[in-house]
Amino acid sequence: AFWAPPPPAEPLFLFHSFHLIHTPLQVPEEWESKFAFLANRERRLYAAMASYMDDIMGRIKKKLMDKGMWENTLMVVSSDNGGPTYWLPGIGYGAASNVPLKGSKMSDWEGGIRVNAFVSGGAIPAAKRGSKLEDYMHIADWYTTLCAIAGVDPTDTRAAQAGLPPVEGFDHSALIVGDGAPGSGKRTEMHHSARALTSGQWKLITGGMEVLEFHFNESMVYGNGSIPYSDYLPGYEGPHVMWRNMTDCSAGCLYDVTGDPFETTDIAAQHPDVVQTLTARLAELNKGIYLPDRGTPDPAACSRWNGFYGPWIDVPPSPEVMRPPAPVADEDIVVV
């Protein structure tokens, strides 16, 4: 049975993380057949997966409407990274397209970090429906924003007592459900990674991240000077190479992402003072990167639950109850 909402009087926070849209490219055949007009199979599968996800979101919305909850609901739909336009051995094509943005997931180009997102639901004031916000918002801002909407203090006291860094994030509730005017957002810079920073109209990139994505050395947060996927190619066709169209940004590549959101022209040579300022600011922000010693891999994460990955620390001591029942011989089966 599909999900059933709680009674309308109960507060509800529902988080649903789709396995779509991601490799491996898989979708029920009846959904793929709807896109038979697309000759390229990877593109066809990706389109079908997006359509399948859209259908599920529609079913969730209908359940909320049937319960009389939609008019008091804020639905947030957001991706966690740009579309994958790469080809990887053992995986194949990522199958996305970020055009007109440059780059792919696994890069700090706009195509890898500027994502699709929208909000809906009856909680959105009528005057704001159908509008578009140009204000900067980081995915880390959602926690702080949702806490403000719910009237909850975002401070994590337990984490602070353990010596962990404070919660990061700006409250954008006024922009979304309040009377905040477009352009009044509180965030003015985006610390994308240890290698990239956007501040106002300017974006500085100092390198790529492939050493991190493939776990060659997870402590190398600075990556190296070359950033891949410096193109506008789709992810469902093209060369079978892991890293393509590299750009050397070791000295700092600078873009005006307000006037040139597609990152066509590196203007570092024309604005050395901006490069110097952003490089210093990036170095300062990088001092706050939280990179603790995470220990060594523990096989108990999988072995505890009979081959399934799950919690294995501070959980009940009898995982056997989670194991499937042992098969029985045919002669022991009674058909009634």
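Residue numbers (the working numbering): 1226 to 1561. Beta carbons are placed, not taken as given, at the ideal position from N, Cα and C, and that holds for glycine. Nothing here was measured: the structure is a model prediction, and the numbers come from that model.
(1) For the beta strand (DSSP E) holding V1499, just list the boundary residues, first then last.
(2) Determine the closest residue to K1330 out of R1529, A1493, L1458 and G1535, with distance taken between C-alpha atoms.
(3) According to DSSP, I1452 sits in a beta bridge with which residue or residues?
(4) Check whether the segment 1397-1404 and the segment 1365-1376 are in contact - that is, three or more C-beta pairs closer than 8 Å.
(5) Can you tell which of F1260, D1280 and R1268 has its C-alpha closest to the C-alpha of F1243?
(6) Work out the CA separation of F1260 and Y1277 for me, nearest whole Å.
(7) Could you pull the DSSP bridge partners for W1312 from this structure?
(8) Using beta-carbon positions only, say whether E1335 and E1488 come within less than 7 Å of one another.
(9) Once you ignore the five residues that flank S1258 on each side, which residues in its own chain have a CB closer than 7 Å to its CB?
(10) Using 8 Å as the threshold, is the segment 1313-1329 in touch with the segment 1379-1386, meaning 3 or more CB pairs across them?
(11) Measure the Cβ-Cβ separation of G1346 and M1290 and say whether it is below 7 Å.
(12) Figure out for me which residue from I1246, E1414 and V1402 has the closest Cα to the Cα of E1393.
(13) Going straight from the alpha carbon of E1359 to that of L1429, what length do you get?
(14) Assess, as a yes-or-no matter, whether the segment 1419-1427 is touched by the segment 1471-1481 under the definition of 3 or more beta carbon pairs within less than 8 Å.
(15) Should L1479 go down as buried or exposed, given a rule of 16 or more other Cβ atoms within 10 Å for buried?
(16) Using beta-carbon positions only, say whether A1234 and W1256 come within less than 7 Å of one another.
(17) Tell me which residue opens and which closes the alpha helix (DSSP H) that T1369 is part of.
(18) Specify the secondary structure class of K1428 as computed by DSSP and reduced to three states.
(19) Can you tell me which of A1342, M1294, A1321 and V1324 puts its alpha carbon nearest to the alpha carbon of L1239?
(20) Would you kindly work out how many angstroms separate the C-alpha atoms of N1297 and P1350, rounded to a whole number?
(21) Could you give the DSSP three-state label for D1485: helix, strand or coil?
(22) CA-CA distance, P1453 and S1303?
(23) Determine, using beta carbons only, whether Y1461 and N1265 come nearer to each other than 7 Å.
(24) Could you check if G1376 is buried or exposed, using at least 16 other CB atoms within 10 Å of its CB as the buried criterion?
(25) Where does the unbroken beta strand (DSSP E) through S1418 begin, and where does it stop?
(26) For T1298, which three-state DSSP category applies?
(27) What are the residues that DSSP puts in a beta bridge with W1530?
Result, derived from the coordinates:
(1) Careful: V1499 lies outside any beta strand (DSSP E), inside the alpha helix (DSSP H) at P1497 to N1511.
(2) Looking only at R1529, A1493, L1458 and G1535, the smallest Cα-Cα distance to K1330 is reached by L1458.
(3) T1472
(4) yes
(5) D1280
(6) Distance between the alpha carbons of Y1277 and F1260 is about 12 Å.
(7) Y1318
(8) Between E1335 and E1488, the C-beta spacing is below 7 Å.
(9) none
(10) no
(11) no
(12) E1414
(13) Put simply, the backbone Cα of E1359 is about 19 Å away from that of L1429.
(14) yes
(15) By the 10 Å Cβ count, L1479 comes out buried.
(16) no
(17) D1366 to A1375
(18) The DSSP-derived three-state label of K1428 is strand.
(19) M1294
(20) 11 Å
(21) Here D1485 carries a coil assignment [DSSP, helix/strand/coil].
(22) Annotation: P1453 to S1303 spans about 24 Å, alpha carbon to alpha carbon.
(23) yes
(24) Classified as exposed, G1376 has fewer than 16 neighbouring CB atoms from the shown chains inside 10 Å of its CB.
(25) Per DSSP, the unbroken beta strand (DSSP E) holding S1418 starts and ends at E1414 to S1418.
(26) The answer is coil: DSSP assigns T1298 none of H, G, I, E or B.
(27) F1533
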